[in-house]
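**Q** Next up is a structure, given as structure tokens.
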Amino acid sequence: MARLSSPAPRLAKVHTRLQTRSQAPTDAAGRSAFRKQNTPGRALYASRAWRGDDKGEGGLRWRILTRDMFTCGMCGAMHTDTSRLHVDHIAPHDGDACLFWETSNLWTVCASCHDGECQRIEAAHEGYPEAIRAAKMAARRQA
Numbered sequence: 004m005a006r007l008s009s010p011a012p013r014l015a016k017v018h019t020r021l022q023t024r025s026q027a028p029t030d031a032a033g034r035s036a037f038r039k040q041n042t043p044g045r046a047l048y049a050s051r052a053w054r055g056d057d058k059g060e061g062g063l064r065w066r067i068l069t070r071d072m073f074t075c076g077m078c079g080a081m082h083t084d085t086s087r088l089h090v091d092h093i094a095p096h097d098g099d100a101c102l103f104w105e106t107s108n109l110w111t112v113c114a115s116c117h118d119g120e121c122q123r124i125e126a127a128h129e130g131y132p133e134a135i136r137a138a139k140m141a142a143r144r145q146a
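Numbering-wise, the working numbering puts 104 at position 101 of the sequence shown, and it's gapless, one number per residue.
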């Protein structure tokens, strides 16, 4: 009996930008490259307007750090080492340049608060920027 041939598929395989945990890069360089490729607005952080000159001064990041007097908006810790401070977007910008540069959407947080509480808030309210904003404002230290 002769074999029947099947026609070639007419639809191409759909490639998704989302990856499952098993497909996600496990090393730091791989994660960084994946984020750079798939996160809208990531390149804005490398701009001179954000970073400033070679000393890190003059950019928007520096202006926010000085506005907030190098003090964490969550725990109140003051740091002279700016590498231990993050300028965080209160509501995620998701690549929106207007929201990225909006100074009222930026605040200074220390590395431990940024990597801990801020990330927990963003993960709990992912996809709901106003809920993230409200939760971060509720966590803001009372001056």
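Quick reminder that beta carbons are idealized off the backbone N, C-alpha and C, glycines included.
Buried or exposed for residue 111, please, with buried defined as at least 16 other CB atoms from any protein chain shown within 10 angstroms of its CB.
**A** With 16 or more Cβ atoms within 10 Å of its Cβ, residue 111 is classed as buried.
**Q** In chain order, what residues of the same chain lie with their CB nearer than 7 Å to the CB of residue 90, ignoring the 5 residues before and after it?
**A** 64, 67, 68, 109 and 111
**Q** For the segment 24-111, list the beta strand (DSSP E) runs that are entirely contained and at least 3 residues long, ordered along the chain.
**A** For the segment 24-111, the full-length beta strand (DSSP E) segments reaching 3 residues or more read 88-92 along the chain.
**Q** Is the beta carbon of residue 54 sitting closer than 8 Å to the one on residue 62?
**A** yes
**Q** Just how far apart, CA to CA, sit residue 115 and residue 81?
**A** 13 Å
**Q** Could you tell me whether the Cβ atoms of residue 3 and residue 44 are closer together than 8 Å?
**A** This structure does not reach residue 3, given that the chain is present from 4 up to 146, and the question cannot be answered.
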